[in-house]
Ligand code: 7TS
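Residue numbers (the working numbering): 48 to 464.
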């Protein structure tokens with residue numbers, strides 16, 4: 048599958064667990080933590096925690112403003128991080144990496160800045176039924192204020208985007224197609240390169256929500272030819288509070304600022320201002336400096352393992368999980384077959400509410416998530432109010448999936464399900 052050309056792993060990723068202090072924790076009645084909630088946020092390796100600690104101990108200062116040694120060091124580290132992230136996604140330039148708080152803010156930036164400048168009443172924005180609320184609500188807000196129309200690519204029963212309807216919707220000549228590269232509920236990995244090429248043929252720009260893809264497999268913005276890519280640091284071993292918007296240079300250069308304030312200006316007069324160059328034009332105010340530095344260290348850490356190795360390991364985990372958990376009587380798994388998805392397993396158990404599943408699993412130290420996972424319309428599509436979701440990262444093991452299966456049998460016993 049596209050983006051997933053994996054080579055056989057030679058590294059035993061089990062040894063990487065030692066990099067994560069939290070994975071040594073025991074919880075509840077002294078049972079080892081089994082963390083299966085990385086789609087919500089990943090755990091952080093020591094190198095990231097220590098880099099942020101070191102920054103505060105040795106170099107803390109505000110960036111881009113001072114001429115003293117600490118300000119110079121802080122600025123250099125912050126900008127080095129931008130360059131590392133640019134390299135990680137193969138951005139042609141680090142000027143195309145805008146630091147935001149998270150994926151949500153990156154998408155809002157595009158909706159407000161690009162959307163309000165380039166879209167008008169009745170223009171079509173094409174989304175999908177499997178979007179996280181953060182790639183849905185900003186476009187709804189835009190629609191309610193300027194009258195753009197939202198259209199949707201439906202999801203099939205087996206959790207894939209309907210390609211035929213996608214092409215029909217392209218005939219409406221959308222100005223933007225915005226979709227997730229990987230669903231946080233179904234785990235579906237959408238054929239992004241193909242969809243981007245098809246959207247471009249019809250004249251649309253494409254925004255890719257990379258919140259669940261950039262942490263888990265190689266994403267190359269030039270190979271994809273994507274116009275906008277949004278992702279969050281905290282799902283990829285980095286801290287919370289830092290995210291990224293990548294965009295093509297010509298788009299960023301024409302887009303007006305999103306927030307106004309310090310750092311995003313070149314010159315300010317009483318009545319007006321001139322905007323700074325990219326990417327600073329979009330980074331108003333003091334940014335999350337330690338967090339940006341932490342994310343730079345996180346991408347170096349991921350690269351040292353290898354994104355293909357990570358993808359390969361997670362493929363093994365989801366394949367095993369679908370077989371093992373899917374064999375439990377009463378369990379329904381949502382989403383496509385293992386080779387079309389990443390490490391996300393959403394399921395229901397007949398007769399037991401997902402919140403009850405999650406609560407009982409917690410007694411065994413197993414952290415999963417229950418609810419709508421910020422994808423209410425997708426749950427409506429399957430006539431569900433909630434699902435239970437186990438999600439994996441490279442530090443998870445086959446044994447942890449066995450623990451999950453054993454605990455689901457306990458849930459069945461308790462509920463007589
Ligand atoms: N897009 C997708 C596909 C996501 O999975 C998430 C977060 C976001 C956008 C938003 O990311 P944020 O960092 O701006 O919050 N997904 C989840 C989840 O599945 N459980 O908690 C957060």
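Ideal placement from N, C-alpha and C gives every residue a C-beta, glycine not left out.
- Residues with a Cβ closer than 5 Å to any heavy atom of ligand 1, in chain order? 86, 87, 149, 150, 151, 179, 181, 227, 231, 256, 258, 259, 279 and 420
- Query: Taking only runs of the alpha helix (DSSP H) that begin and end inside the region 167-223, which ones reach a length of at least 4 residues, in chain order?
  - Reply: 184-193 and 210-217
- Query: By Cβ distance below 8 Å, which residues in the same chain neighbour residue 467 in space, the five residues on each side in sequence not counted?
  - Reply: The structure shown does not extend to residue 467, since the chain spans only 48 to 464, so no value can be given for it.
- Task: Taking 8 Å as the cut-off, decide whether the C-beta atoms of residue 332 and residue 308 are in contact.
- Result: yes
- Message: I need the straight-line Cα distance from residue 60 to residue 452, nearest angstrom please.
- Response: 22 Å
- Counting only runs that start and end within the region 241-304, where is the beta strand (DSSP E) found for 3 or more residues in a row? 252-256, 275-279 and 290-294
- Task: Please report the residue range of the alpha helix (DSSP H) in which residue 156 lies.
- Result: 150-156
- Query: By DSSP, does residue 463 sit in helix, in strand, or in coil?
  - Reply: coil
- Does the beta-carbon of residue 149 have 16 or more other beta-carbons within 10 angstroms, so that it is buried, or is it exposed? buried
- Closest Cα partner of residue 470 within the set 79, 69 and 99: What is shown of the chain runs 48 to 464, which leaves residue 470 out entirely.
- 3-residue-minimum beta strand (DSSP E) runs that sit fully inside the region 400-453, ordered along the chain: 416-418 and 434-438
- Task: Kindly indicate the opening and closing residues of the alpha helix (DSSP H) around residue 129.
- Result: 116-135
- Between the region 139-157 and the region 361-368, do at least 3 Cβ pairs fall closer than 8 Å? no
- Query: So residue 170 packs on residue 216, CB below 8 Å; how close in whole Å?
  - Reply: The pair is not a contact, with the Cβ atoms about 14 Å apart (cut-off 8 Å).
- Looking at the unbroken beta strand (DSSP E) that takes in residue 145, where does it start and where does it end? 144-147
- Query: Any heavy atom of ligand 3 within a distance shorter than 7 Å of the CB on residue 225?
  - Reply: No copy of ligand 3 occurs in the structure displayed; its ligands are ligand 1 alone.
- Message: Going by the DSSP bridge assignment, what does residue 225 pair with across the sheet?
- Response: 254
- Item | Span separating the alpha-carbon of residue 55 from that of residue 364 | Residue placement at residue 55 is flagged as unreliable, the pLDDT there being 42, under the threshold of 50; a coordinate-derived value is accordingly withheld.
- Item | Same chain, Cβ closer than 8 Å to residue 140, five either side skipped, listed in chain order | 133 and 296
- Query: Distance, Cα to Cα, residue 85 vs residue 390?
  - Reply: 9 Å
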